[in-house]
Amino acid sequence: MGAREVGLPESVGGSGLPDRVTIWEVGARDGLQNESAVVPVATKLEFLDRLADAGAAVLEATSFVHPKWVPQLADAEELLAGLDRRDGVDYPVLVPNERGLERALAAGVRHVAIFASATETFARRNLNRSLDEQFAMFDPVVARAKAEGLAVRGYVSMCFGDPWEGAVGRDQVVGVGERLLDMGCDQLSLGDTIGVATPGQVTALLAAFGGVERLAVHFHDTYGQALANTLAALQAGVTTVDSSAGGLGGCPYAESATGNLATEDLVWMLDGLGVAHGVDLDKLADTSAWMAERLGRPSPSRVVRALRG
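Under this note's numbering, the first residue of the sequence shown carries the number 389, and numbering increases by one thereafter.
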C-alpha cells in the first residue's frame, strides 16, 4: 500500500511551533559511513539525486576524513566530481582537519562541517585529542574556511550521554558549543550520539544556551525517543533538524548507537503538525525503499515500512 492510497496525516497545528523547518539530510554521509560494505559511488550519486528530486534542500554529501578511519567515504573526491549540483540545494561536507579542508576546497565545496566532542573520552577516541586540544585543531580550519567565504557548521557529539562517562553535564556541552560559535561556526548541531536523551533533557539543554537561533538538533533513536526529542526542540524554537533518509546510520565510535532519526518519520510528524519543510514524502519513501533494496535489508524507518511494506 502506497502513500497515495493511505493519504497524508491530518494537519493539526500545535502551539509554539515554527512555521517552517529546514531538514538537514545526513543519509549520504552519516548514514552510509556506517555500512559494513562500501556502497558504489554511482549508487551514492543516484541516492543524492533522488533526495534532491524529493525536495531535500540540504544534503550532507560526504566526508573528507582519512580513508583509513572511514573507508566507506574514501570516494569523496570522485563523488563530488560526479555530483549534479542542483540550484537551491546545499551540499555540505564534513572536514576533520586542515587537510580535509584543503581537499574540500579543491573539490569546490562551499559549506563544511567540523565534528567536536562534548566529552573527554570521545574526543580522545574519535579525534585522538583531549577535550581542550580539539579546539586547537579546529581553529585554523574554521578560520581558513571563513576566509575562503565558506559557511561552517559545528557538530557537538555526546551532548546527553557518553557510553564511557555516563551523563554529560549541560554546562560542559554549552561550554564546548559556545567555543565553537565564538570560533566562527555559523550553526551548531547538538548530537544525541547514543540516543539516550529524553524531551525534558532536550528542553533543559536548549534553555541553557540562552538562545536557539544558531542551534540545530541531531537525534539517534536507540531508545525510541528521537521524534519526541525533536518535538521538544521545535517547541523550544529550533528550526533545523538533522535526519537520515530511511533511518540509516549509527556511530562507528559508539557501538551502542543505532540509526538516526528517519527523515520519513520526521516528515510525517511535520505534515501532521502543519509545519512546512519542502520534502515530498512519497518520493522520499520511494528513495529509501530503493536504497534499502541496494543495501539488502528493510528500512528501519517506521513510515517507510508502513507506506512501502
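Think of the CB as a built atom: it goes at the ideal place given N, C-alpha and C, for glycine as much as any other residue.
{"query": "Would you kindly check if the distance between the Cβ of A416 and the Cβ of A449 is under 8 Å?", "result": "yes"}
{"query": "What is the residue span of the beta strand (DSSP E) that A604 lies within?", "result": "L603 to F607"}
{"query": "For the stretch 523 to 530 against the stretch 545 to 560, are there 3 or more C-beta pairs whose distance is under 8 Å?", "result": "no"}
{"query": "For E681, count the other beta carbons within 10 Å of its own beta carbon; 16 or more makes it buried, fewer makes it exposed. Which is it?", "result": "exposed"}
{"query": "Return helix, strand or coil for V446, following the three-state DSSP convention.", "result": "strand"}
{"query": "Would you say E423 and L683 are within 8 Å of each other, going by their C-beta atoms?", "result": "yes"}
{"query": "Tell me whether R698 sits in a helix, a strand or coil according to DSSP, three-state version.", "result": "This structure gives no information on residue 698, because the portion of the chain shown stretches from 389 to 697."}
{"query": "Starting from the Cα of V562, find the closest Cα among D520, P397 and V544 and give me that residue.", "result": "V544"}
{"query": "Considering only the alpha carbon of each residue, which of R438, N516, A506 and V605 lies closest to G565?", "result": "A506"}
{"query": "Which one or two residues does DSSP pair with S451 in a beta bridge?", "result": "L482"}
{"query": "Since G579 sits in a beta bridge, which residues does DSSP pair it with?", "result": "H606"}
{"query": "Straight-line CA distance for L396 to G660?", "result": "8 Å"}
{"query": "First and last residue of the alpha helix (DSSP H) that includes E533?", "result": "Inspection of the sequence shows that residue 533 is occupied by Ala rather than by Glu. Segment E521 to A535, the alpha helix (DSSP H) holding A533."}
{"query": "Measuring only from the beta carbon, is V629 closer than 7 Å to any heavy atom that is part of the ligand HEM?", "result": "You won't find the ligand HEM in this model; it holds no ligand whatsoever."}
{"query": "From the DSSP output, which residues share a beta bridge with F503?", "result": "Y543"}
{"query": "Does G554 come out as helix, strand or coil in the three-state DSSP assignment?", "result": "strand"}
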